[in-house]
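Working notes, beginning with the structure itself.
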Amino acid sequence: MHSPLDHIPVSIIIPNYNYEQYLGRAIDSALEQDHRNVEVVVVDDASTDASVAVIESYGDKIRPCLRRRNGGHGAAFNTGFEASTGEIVLFLDADDYLYPNAVSEVLDEWDADVAQAQFRLHLVDENQNIKDVFPPPEQPFDSGDVIPELLRKGRYRTTVTSGLAFDREALEPIMPMPESDFRQGADGYLATLAPLHGEVKSIDTCLGAYRIHGSNHSVFAEKLAERARWRVEHDFRRLEALSDRAAEIGLTVPPDAGLHDPVHLEERLASLCVDEPQHPVETDSRLALARAGAAASLEMNASWRRRAALAAWFLSIGILPRRMGNAVLAWKLVASSRPAFLTRLSKTLRRVTN
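Here's what the structure looks like:
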């Protein structure tokens, strides 16, 4: 039985910078989709490795876009979107890959009201060994009309670049994105603004792989403060873009939206605790952020156990002496820093607090 969307044109856009060792796997996965109408657009952002040779080896199987100057994630997204023609658009990071049924599964769930679909990914290592699921299965996606959640706290439960698909009509009002603001984290811009133009459809199936390795932007456990500071600043840029677009369509984002978002407050607290001199918000204090984080945790759409555990974590960082509080902070954010008993406890809590 065929879906009415069997013939819909789909674009898979692969932004790449210096990922020659992974790029071929990403391109192959896009070309191997069992949906019959897929174009593959590969954007090279002025790589200095052999990425261009990898791209050229595919000939006319793909649509190459070779940027002469490096512009970052947002610039590559803009270039790829401009070159694409599909009614449904996926952005696949060059170090990730999709499973052959990814596009067809997305289309099976699609309807006229959808602006964005999101699906889970297997977490894999450099050798493609499956390590986990992202986001974890016990963390449900937000679905449907997520505008109230977006306006209240500037975030809803979604995923990363390679687990997203967008309706072209939802992207056209928000593209091109501001390139200097989103040299990294362009997916955050799209996933924040696209739901203003339609519903979010969530698929609780792994339709691809999210590769974790030493050189991608998601991995810098040894640079906790740098990571936290980047995420805080990225959130501020996302919220500014959200406020601007919301105002254009008659909606309002409250100025304190970030203070209702536990994810934002977690990173903000980490930035302050680990490297206070470089923290981007001068008026922040440990106790104030901890109290805001605890309150925001109790507002989450999660089990009472998960909400209570996260609230207690926030409060402990605000109340304990600095050295002890920083240890508690690191135990959550950097798995390798946890004592063995805490690792076992974390796994147990993960099973029982969903």
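As numbered in numbering that gives the first Met the number 0, residues 0 to 353 make up the sequence shown, in order.
Just so you know, even glycine gets a beta-carbon here, dropped at the ideal spot from N, CA and C.
Rounded to whole angstroms, R62 and A227 show a C-alpha spacing of 36 angstroms. When rounded, the separation of the alpha-carbon atoms in M174 and S46 is 24 angstroms. For the beta strand (DSSP E) assignment, the uninterrupted runs of no fewer than 3 residues enclosed by the region 118-206 are, from N- to C-terminal side, 129-133, 163-166. A direct Cα-to-Cα measurement between W330 and D141 gives close to 27 angstroms.
Beta-bridge partners assigned by DSSP to R66: D44. In this chain, I12 is not harboured by any alpha helix (DSSP H); it is covered by the beta strand (DSSP E) spanning 9-15. By the neighbour-count criterion, in which a residue is buried when 16 or more other Cβ atoms sit within 10 angstroms of its Cβ, G58 is exposed. As a beta-bridge residue in DSSP terms, A208 pairs with Y96, H121. Residues Q117, A190 of the same chain have their beta carbon placed closer than 6 angstroms to that of T157, with the five preceding and five following residues left out of the count. Of the candidates D92, A301, G85, D92 places its Cα closest to the Cα of N17.
Exposure of P136 is indicated by the presence of fewer than 16 other C-beta atoms within 10 angstroms of its C-beta. I248 carries a coil assignment under DSSP once its states are collapsed to helix, strand and coil. Only exposed fits R68, as fewer than 16 other CB atoms lie within 10 angstroms of its CB.
The beta-carbon separation of W312 and V327, rounded to 7 angstroms, stays under the 8 angstroms limit for a contact.
In chain order, D5, V9, V102, S103, L106 place their CB closer than 8 angstroms to the CB of H34, counting only its own chain and leaving out the 5 sequence neighbours on each side. Going by DSSP, V280 is part of no beta strand (DSSP E) at all; its letter is neither H nor E. Sorting N128, A193, V231 by C-alpha distance to the C-alpha of A164 places A193 at the top. In this structure, D94 is the residue among V280, D94, Q138 with its C-alpha nearest to the C-alpha of A29. Restricting attention to alpha helix (DSSP H) runs no shorter than 4 residues, the region 256-337 encloses them at 261-273, 285-297, 303-318, 321-332, ordered along the chain.
Look at A116 here: in three-state DSSP terms it is strand.
Cβ-Cβ separation between T204 and R119: approximately 6 angstroms, consistent with a contact (criterion under 8 angstroms).
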